[in-house]
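Take a look at the structure set out below.
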Amino acid sequence: MAKKDRGKVWLGVSGLVINHLNEWLVVKKRYGGLDGKWSFPAGFVEPGETIDQAVCREVQEETGIETMVQGLVGFRTGVIRGEISDNMAIFICEETSREQLIIPQLKEVYEAKWMSPVELSQDPHTSVMIHELATKTLGQGLQVIEGINPGDVFGYTSYKMYF
C-alpha cells in the first residue's frame, strides 16, 4: 500500500461493530505496529468526507460489512516521536443487515471475524486499544486512560485514550 504524506496532524477513525450476539468485528492487520494483532477496522479520514463517513468506508473496505454509526465510543490521541499528532475517533457501529458475509480485504488484513470481548481480552494477539475497551463497560462516559504504551514500535512520546 502506498504511503501518503499526511503532514504532522493525523485524523483516523476506527469502528467497533457489534453484532446481535454481542460479538465484535475485528481484523488482523498485515502492516505497521499492528501487524498480526487483532484490531478494529480503521484508517484515515480522506479529503471531502466526514469522520462518520470515513469509518463506514473503512469498515466496508476492510471487511465487506456495511454499517451505520450509532455513536462515539472513545477517542485516542498521541504524539509520535515528539512531532506527529496522531488522533483517532472510535465509533460504535451497527450492521445494516445481519445477512452480510465478511469479505476481508486481504491486501491489508490477514483475516476478519467476529469475536467476543472475553475472547479478545484473553488473546495475546489483541491490540492494546481493544484489550482496554474489552475490559471496560461501555456507556460509563469517556474517561481518560493514561500511562499506557501501545508498543515501542510506534514511537509515541505521549499517548492517551478516552473510553
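Residue numbers (full-length UniProt numbering): 1 to 163. Built from N, CA and C at the ideal position, the CB exists for glycine as well.
Beta carbon of residue i nearer than 8 angstroms to that of residue j
{"i": "N19", "j": "E95", "result": "yes"}
{"i": "G64", "j": "I90", "result": "no"}
{"i": "G82", "j": "T157", "result": "yes"}
{"i": "G155", "j": "I80", "result": "yes"}
{"i": "T135", "j": "S116", "result": "no"}
{"i": "V153", "j": "K28", "result": "no"}
{"i": "W114", "j": "W24", "result": "yes"}
{"i": "M129", "j": "R76", "result": "yes"}
{"i": "S127", "j": "L34", "result": "yes"}
{"i": "D52", "j": "V69", "result": "yes"}
Distance cut-off 7 angstroms: residue i Cβ against heavy atoms of the ligand COA
{"i": "K28", "result": "The ligand content of the structure shown is nil, which means the ligand COA is not present either."}
Beta-ladder partner(s) of residue i, from DSSP
{"i": "N87", "result": "L11, T77"}
{"i": "Y156", "result": "I80"}
{"i": "L72", "result": "F91"}
{"i": "T67", "result": "E95"}
{"i": "L25", "result": "W114"}
Residue i (DSSP reduced to helix, strand or coil)
{"i": "F44", "result": "strand"}
{"i": "I18", "result": "strand"}
Neighbourhood of residue i by C-beta distance below 7 angstroms, restricted to the same chain and skipping five residues each side
{"i": "E61", "result": "Q105"}
6 angstroms Cβ shell around residue i - same chain, five flanking residues per side excluded
{"i": "G71", "result": "I92"}
{"i": "G15", "result": "F40, P41, V55, V59, F91, C93"}
{"i": "M1", "result": "Here M1 scores only 48 on pLDDT, less than 50, and its place in the model should not be relied on; the value that follows carries that caveat. Cβ within range, chain order: n/a, list empty."}
{"i": "E146", "result": "K160"}
{"i": "E66", "result": "Q60, T96"}
{"i": "I103", "result": "G64"}
Contacts around residue i, its chain only, beta-carbon distance under 8 angstroms, and the 5 residues preceding and following it disregarded
{"i": "G12", "result": "A42, G43, F44, V45, D86, N87, M88, A89"}
{"i": "I84", "result": "K8, V9, W10"}
{"i": "H125", "result": "K28, G36, K37, W38"}
Entirely within the segment 88–148 and at least 4 residues each: give me those alpha helix (DSSP H) ranges in chain order.
Counting whole runs of 4 or more residues, the segment 88–148 contains the alpha helix (DSSP H) stretches 117–122, 128–134.
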